[in-house]
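There are 2 protein chains.
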Amino acid sequence: MAPPSHSASHLTNASAPNNCFTVDTPRCLLDPDEFRRQGHQIIDFMAGYYAHIEDYSVSPKVTPGFLRSRLPAAAPSQPEPDALAAALSDVRDLILPGITHWQSPRHFAHFPASSSAVGALGEALAAGLNVVPFTWTASPAATELEMVVVDWLGKALHLPETFLFVGGGGGTFLGTSCEAILCTLVAARDRKLAEVGEGRIGDLVVYCSDQTHFAFHKAAHIAGIRKANCRVVPTRREEDPFAPSPAALRAAMQADADAGRVPLFLCATVGTTATAAVDPVAELCAAAAPHGVWVHVDAAYAGAAFICPEFRHLAEGTGAADSVSSNPHKWLMANNDCCALWLKRPSALVAALGTDRDDVILRDAAADGDGDGAVDYKDWSVTLTRRFRALKVWLVLRCYGVEALRGAVRAHVRMAALLEEMVRADARFEVAAPRRFALVCFRLRSPDKLGGEKAAANELNRRLLEAVNATRRGPYMSSATVGGEYLLRCAVGSTLTEERHVREAWKVVQHHSAALLREMHGTTTPQSVTI
Amino acid sequence: MAPPSHSASHLTNASAPNNCFTVDTPRCLLDPDEFRRQGHQIIDFMAGYYAHIEDYSVSPKVTPGFLRSRLPAAAPSQPEPDALAAALSDVRDLILPGITHWQSPRHFAHFPASSSAVGALGEALAAGLNVVPFTWTASPAATELEMVVVDWLGKALHLPETFLFVGGGGGTFLGTSCEAILCTLVAARDRKLAEVGEGRIGDLVVYCSDQTHFAFHKAAHIAGIRKANCRVVPTRREEDPFAPSPAALRAAMQADADAGRVPLFLCATVGTTATAAVDPVAELCAAAAPHGVWVHVDAAYAGAAFICPEFRHLAEGTGAADSVSSNPHKWLMANNDCCALWLKRPSALVAALGTDRDDVILRDAAADGDGDGAVDYKDWSVTLTRRFRALKVWLVLRCYGVEALRGAVRAHVRMAALLEEMVRADARFEVAAPRRFALVCFRLRSPDKLGGEKAAANELNRRLLEAVNATRRGPYMSSATVGGEYLLRCAVGSTLTEERHVREAWKVVQHHSAALLREMHGTTTPQSVTI
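Line order of the protein sequences matches chains S and F. Residues 1 to 531 (the UniProt record's numbering) make up the first sequence, in order. Residues 1 to 531 (the UniProt record's numbering) make up the second sequence, in order.
What follows is the structure, encoded as structure tokens:
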């Protein structure tokens, strides 16, 4: 797999070797001048990467083992001369041709992992300070900035004030939604077990829809909920597409209660993984309320859109829930990883995840943070060691401002709407689920020849995606199977994506569709595609 | 709280304003030229910080609320002119004076969070690429580099080959030890429940010592283990100091088995949090074996020392365990966060944390990775979204080489041995636990006047630490209470620490001790200290 041809010139940096490593002190490993020299190398390398990112195939054409076979079996004992430059050459020649380029403007798969200059540089700054803000004392400004910024973000996203510190709730920045779901589930579990007795963990029941991300099943499993006690409410394409019915949820909870089981937790979703469907959160909360069920709203992707007044009602709809999470690393320019979690009653989280052991090293630190509402964030998460994620979110909000982030969301939504129009204008295709936010789900209609046979139509669309993703300079999309139907997903949201990339992507899809349909009708063999 | 006086000059950068944010495309948020300009600003800022880090008080003299009260209540709608420069001014004036400076050469608290130039820059590079390697397909080179580097690291640390991919085991990079413990515990739990029946989760028993980090209790709690079923084996100062006795463990497990409970998991520690004590891992494994108990070795801090042949026997001693974890972000220059987890049978982890749901978006990605032993790391952790941590560890190993990392560990161990000597040479003090690795635990001996009263001696030492940490340019240490005795902990390990910093730290301790002892004997009031 050869790298793009001109990468040799744009990604190399000659520089002087660093020979400090034989010195008797570790200090040379963090020498300010050397840091500056090497730092500029890294920055220039990255700037060159962004400038030429369109030259890469978004999804690499490699097979398992391709990299392992080209690297030494052990770390070097001594570094080679000018090791960083040599390493960057390897990044250029071995790694970049082998990664999936999530920052490519032609990356439309999964959901975006949006990057911005200050988002990435905020990560760099946090890495350089390298503080570990597990308690207030362990780095006061890091804790306080987190408290401030999680409120800033909640306000910008129009969340009900009860989820913010200023409204008596509070939030934190974790790594991922998986952690947010696990932490809130454990908090809910402990609260419920305190009520019904610790021995009844086997009776606890959790609820979701058939569109809920598997992270929820994983979290429930980790927390000791029986697999048999995970109720999956089915969804349908008709009526409220791919959203669970509050009546069905109500019935499921009542059936469990009647059978002596204990309804515990509902994971509702705003912006599901497959189709970005929106659960009717307020109605689901009403159904859950009689059973004292904790409702968490997973808005990992779509929460970013709450920043626009036109999506504000979705944020407001979470008002009856217990907790909400969203990932600024997905569509809010804050770079991987970052999940904001807000709760109305953080005390339930601290009761489940906190520690009051005073025989350990953290005693003095934890004790100091109590006055004036400062928090010890170690008690809000699975982990003790934490990253200083608030720094990059603060930089993104401060350096770009809320209006620019709104503008970015709207630009992507507009591009997705354009794609939707193009899909509708081509009779061979159908929009396979209502477009939500900036995700378009589409498929080739089942051709008459297939007689409406679902499996064959699915296979046709599967081959279409395969062909599209195999196009060397083409778009990279993903798929989902919903209600038995295989569909292609085009999630617009990479920072670098412009309208022309969406138009080009659609042309590639059309081109391969034509070839596939021709092949199916036996008129010709599929062409080798060179777009 | 005023920042150090000359920070105003070394941390500011004038630069041109960026006015792209009103443009109708998000692309300008990741413009290569703007990234380069802003990136160099950040690098210069960091280099300036390292050059002047000794001017900061390691632990800030601030009170809760100090920062929140100085920041606006909401994010700006529009950015101010040259927002990054303004933000960096705030970092300089508001944040740096309020963080605990973990990279200061006078930071001796907790355990180190060691940073290096390429460790920090590796984080920056990963943030810039911003890939999400949850499956092999989602970023093949990131997955493969992780497989290669976790083996490199395991070899460098002299781990038994059975923990490496090349030996039939395998590893991954998580964020923290908390995750490593939780993941292995869930794997063990599922394996055991498959044997004894899912309904018996309430009978599972886990084991540790009274020195085990509370992360283990937290993980057990999250995984649904009853608090009453966490056995804490006591340790003593005498004989094998602060390590649990294999005989006591054996007895505890037998008692549980006799009572119809199910021994499940032992968390052994090499390098405990309080005193860096070393559990007799091989003997504990032998005690656990008859009950089919999963043994995890937490070497979060001390695992770094395994890189030296003189500590190799500790690595080899893990041979009978099921899993081992260590944090390269602690003492191996790999920046927060990074925890390496190795297992002999990763399949148990994948069985517990993997997903085989094929109705969701990941189906195609997950399925492709199977040939040739490629792995989907989403099945090795709590989270789906993951960081590309292997990149920085690879850079650290490659750019510095194993010998330099050995040299760093040895330099810190030498400095700690020097401190230990100085403690021993002063009759007022005692070494409160045997020095292990680069951690020195010491305390003022109970003066005759206190008549050996433990509480009073503890209070004296508590006041000593308070005085030491209040010294504006002094060292920052932490404490632990072990066997009822309060002791001061001095963990040498910051990258920038040199012998002179250790000598100075000891002088500050001696100075404040003299003042406290004078005060206790009523000869004078404590002096205001201006060191």
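Even glycine gets a Cβ: it sits at the ideal position worked out from N, Cα and C. Note that the structure is a prediction, hence the values are computed from the model and not measured.
Problem - S:D337, DSSP secondary structure in three states - result: Numbered from its first residue, the first sequence carries residue 337 of chain S at position 337. It is coil, neither helix nor strand.
Practice task
Could you name the residues of the same chain whose beta carbon sits closer than 6 Å to that of F:G119, not counting the 5 residues immediately before and after it, in chain order?
Solution key: Your numbering for residue 119 of chain F matches position 119 in the second sequence. Excluding residues within five positions, the ones whose Cβ falls inside 6 Å are M333, A334, N335, K392 and V396.
Problem - Beta-bridge pairing of S:E430 - partner residues as DSSP gives them - result: Within the first sequence, the letter at position 430 stands for residue 430 of chain S. Residue pairing for S:E430: DSSP places it in a beta bridge opposite S:R443.
Handout entry: Option in F:H52, F:A87 and F:H107 with minimal Cα separation from S:G401
Key = Residue mapping note: residue 401 of chain S aligns to position 401 of the first sequence, counting from 1. In terms of CA proximity to S:G401, F:A87 leads the group F:H52, F:A87 and F:H107.
Practice task
Answer yes if the segment 272-284 of chain S comes into contact with the segment 427-442 of chain S, meaning at least three C-beta pairs across the two stretches below 8 Å, and no otherwise.
Solution key: A contact exists between the segment 427-442 of chain S and the segment 272-284 of chain S.
Exercise for the section: Evaluate residue 532 of chain S with the Cβ neighbour count: other Cβ atoms within 10 Å of its Cβ, from every protein chain shown; 16 or more gives buried, anything less gives exposed. Expected result: Within the shown structure, residues of chain S are numbered from 1 to 531, placing residue 532 of chain S beyond reach of any answer.
Handout entry: Beta-carbon neighbours of F:V402, restricted to chain S and to distances below 9 Å
Key = Residue 402 of chain F sits at position 402 when you count from the first residue of the second sequence. Annotation: Cβ neighbours of F:V402 in chain S (cutoff 9 Å, chain order): A74, A75, P76, S77 and Q78.
Practice task
Tell me, to the nearest whole angstrom, how far the beta carbon of S:H296 is from that of S:S323; I am working on the premise that it is less than 8 Å.
Solution key: Walking along the first sequence from the start, residue 296 of chain S turns up at place 296. Walking along the first sequence from the start, residue 323 of chain S turns up at place 323. Indeed, because the Cβ distance is near 5 Å, the residues count as touching under 8 Å.
Exercise for the section: Verify the CB distance criterion: does S:E146 have a CB-CB separation below 8 Å to chain F? Expected result: Within the first sequence, residue 146 of chain S is the residue found at index 146, counting from 1. Among the residues facing chain F, S:E146 is not included, as its CB has no counterpart in that chain under 8 Å away.
Handout entry: Status (buried if at least 16 other CB within 10 Å, exposed otherwise) for F:H107
Key = Mapped onto the second sequence, residue 107 of chain F falls at position 107. Label assigned to F:H107: buried.
Handout entry: Residue of F:K507, F:A299 and F:A251 minimising C-alpha distance to F:G474
Key = Start at 1 with the first residue of the second sequence, and residue 474 of chain F comes out as number 474. Measuring C-alpha to C-alpha distances from F:G474 to each of F:K507, F:A299 and F:A251 identifies F:K507 as the nearest.
Practice task
Might you give, ordered along the chain, the residues of its own chain that have their beta carbon closer than 7 Å to the beta carbon of S:V502, omitting 5 neighbours on each side?
Solution key: Counted from its first residue, the first sequence places residue 502 of chain S at position 502. Answer for S:V502: M415, L418, L419 and V492, listed in chain order.
Exercise for the section: Kindly give me the distance between the Cβ atoms of F:V468 and F:H521, rounded to whole angstroms, as I take these residues to be in contact under 8 Å. Expected result: Mapped onto the second sequence, residue 468 of chain F falls at position 468. Mapped onto the second sequence, residue 521 of chain F falls at position 521. With a Cβ gap of about 20 Å, F:V468 and F:H521 do not count as contacting.
Exercise for the section: Express the C-alpha separation of F:E54 and S:T212 in angstroms, rounding to a whole number. Expected result: Reading the first sequence from its first residue, position 212 is the one you call residue 212 of chain S. Reading the second sequence from its first residue, position 54 is the one you call residue 54 of chain F. Between the alpha carbons of S:T212 and F:E54 lies a gap of roughly 51 Å.
Exercise for the section: Indicate the three-state DSSP secondary structure (helix, strand or coil) for S:S479 in the structure shown. Expected result: The residue you call residue 479 of chain S lines up with position 479 of the first sequence. Under the three-state reduction of DSSP output, S:S479 falls in the strand class.
Practice task
Pull up the distance between the alpha-carbon of S:T172 and that of S:R424, whole angstroms please.
Solution key: Taking the first sequence and counting its residues from 1, one reaches residue 172 of chain S at position 172. Taking the first sequence and counting its residues from 1, one reaches residue 424 of chain S at position 424. Distance between the alpha carbons of S:T172 and S:R424: 42 Å.
Practice task
Note down, in chain order, every chain S residue with its Cβ under 7 Å from the Cβ of F:R387.
Solution key: Translated into positions along the second sequence, residue 387 of chain F becomes position 387. Residues of chain S whose Cβ lies closer than 7 Å to the Cβ of F:R387 are, in chain order, N336 and D337.
Practice task
Examine the Cβ distances between the segment 343-351 of chain F and the segment 205-225 of chain F and report whether three or more of them are shorter than 8 Å.
Solution key: Contact fails: fewer than three Cβ-Cβ distances are below 8 Å.
Problem - Anticipated Cβ contact below 8 Å, F:Q38 with S:A117, distance rounded - result: Counting from 1 along the second sequence, the entry for residue 38 of chain F is found at position 38. Counting from 1 along the first sequence, the entry for residue 117 of chain S is found at position 117. Distance from F:Q38 to S:A117 at the Cβ level is roughly 5 Å; contact confirmed, criterion being Cβ atoms closer than 8 Å.
Problem - For F:V262, the residue or residues it bridges with in DSSP - result: Here residue 262 of chain F refers to the residue found at position 262 of the second sequence. Looking at the DSSP output, F:V262 sits in a beta bridge with F:L204.
Practice task
Output the residue ranges of the alpha helix (DSSP H) runs that lie fully inside the segment 152-214 of chain F and measure 4 residues or longer, sorted by chain position.
Solution key: Runs of the alpha helix (DSSP H) inside the segment 152-214 of chain F: 177-196.
Practice task
Examine chain F for any beta-carbon lying closer than 8 Å to the beta-carbon of S:E123, and answer yes or no.
Solution key: In the first sequence, the residue the question calls residue 123 of chain S occupies position 123. Yes, its Cβ sits closer than 8 Å to a Cβ of chain F.
Exercise for the section: Compute the Euclidean distance between the alpha carbons of residue 537 of chain F and F:A287, then round it to the nearest angstrom. Expected result: The question about residue 537 of chain F has no answer here: the residues shown for chain F are numbered 1 through 531.
Practice task
Taking the CB atoms as reference points, tell me whether S:T135 and S:D376 lie closer together than 8 Å.
Solution key: Looking up residue 135 of chain S in the first sequence gives position 135. Looking up residue 376 of chain S in the first sequence gives position 376. Yes, these two residues count as a Cβ contact at 8 Å.
Exercise for the section: Flag F:I361 as yes if its beta-carbon sits less than 8 Å from any beta-carbon of chain S, otherwise no. Expected result: Here residue 361 of chain F refers to the residue found at position 361 of the second sequence. Note on F:I361: pLDDT 43, under 50, position unreliable in the model; no value is reported.
Handout entry: Cross-chain neighbours of F:P244 in chain S, by beta carbon under 8 Å
Key = Mapped onto the second sequence, residue 244 of chain F falls at position 244. Ordered by position in chain S, no residue passes the 8 Å Cβ test against F:P244, which lies about 15 Å from the chain.
Exercise for the section: Kindly indicate if chain S contains any beta-carbon less than 8 Å away from that of F:D240. Expected result: For the purposes of this step, residue 240 of chain F is identified with residue 240 of the second sequence, where counting begins at 1. Chain S has no Cβ within less than 8 Å of the Cβ of F:D240.
Exercise for the section: Sort S:E144, S:C28 and S:P133 by Cα distance to F:R68 and report the nearest one. Expected result: For the purposes of this step, residue 68 of chain F is identified with residue 68 of the second sequence, where counting begins at 1. The candidate whose alpha carbon is nearest that of F:R68 is S:E144.
Exercise for the section: Answer yes or no: does any C-beta atom of chain S fall closer than 8 Å to that of F:T25? Expected result: Within the second sequence, numbered from 1, the residue matching residue 25 of chain F stands at position 25. Judged by the 8 Å Cβ criterion, F:T25 is in contact with chain S.
Practice task
Kindly indicate if chain S contains any beta-carbon less than 8 Å away from that of F:T383.
Solution key: Along the second sequence, one-based indexing puts residue 383 of chain F at 383. Output row for F:T383: interface = yes.
Handout entry: F:S89, DSSP secondary structure in three states
Key = Taking the second sequence and counting its residues from 1, one reaches residue 89 of chain F at position 89. Helix at F:S89.
Handout entry: Contact residues within the segment 35-46 of chain F, judged by C-beta distance below 7 Å to chain S
Key = Taking 7 Å as the Cβ-Cβ cut-off against chain S, the residues of the segment 35-46 of chain F that qualify are F35, R36, Q38, G39, H40, I42, I43, D44 and M46.
Handout entry: Where F:W102 falls: helix, strand or coil (DSSP)
Key = As a position in the second sequence, residue 102 of chain F is number 102, starting the count at 1. In the structure shown, F:W102 sits in coil (DSSP, three-state: anything other than H, G, I, E or B).
Practice task
Please confirm whether S:A315 and S:P328 have their CB atoms less than 8 Å apart.
Solution key: Numbered from its first residue, the first sequence carries residue 315 of chain S at position 315. Numbered from its first residue, the first sequence carries residue 328 of chain S at position 328. No, Cβ-Cβ distance for S:A315 and S:P328 is not below 8 Å.
Exercise for the section: Flag F:H521 as yes if its beta-carbon sits less than 8 Å from any beta-carbon of chain B, otherwise no. Expected result: Absent from the structure: chain B. Protein chains present are S and F.
Practice task
Name, in chain order, the residues that DSSP records as bridge partners for F:Y50.
Solution key: Looking up residue 50 of chain F in the second sequence gives position 50. For F:Y50, which the question treats as bridged, DSSP gives no partner whatsoever.
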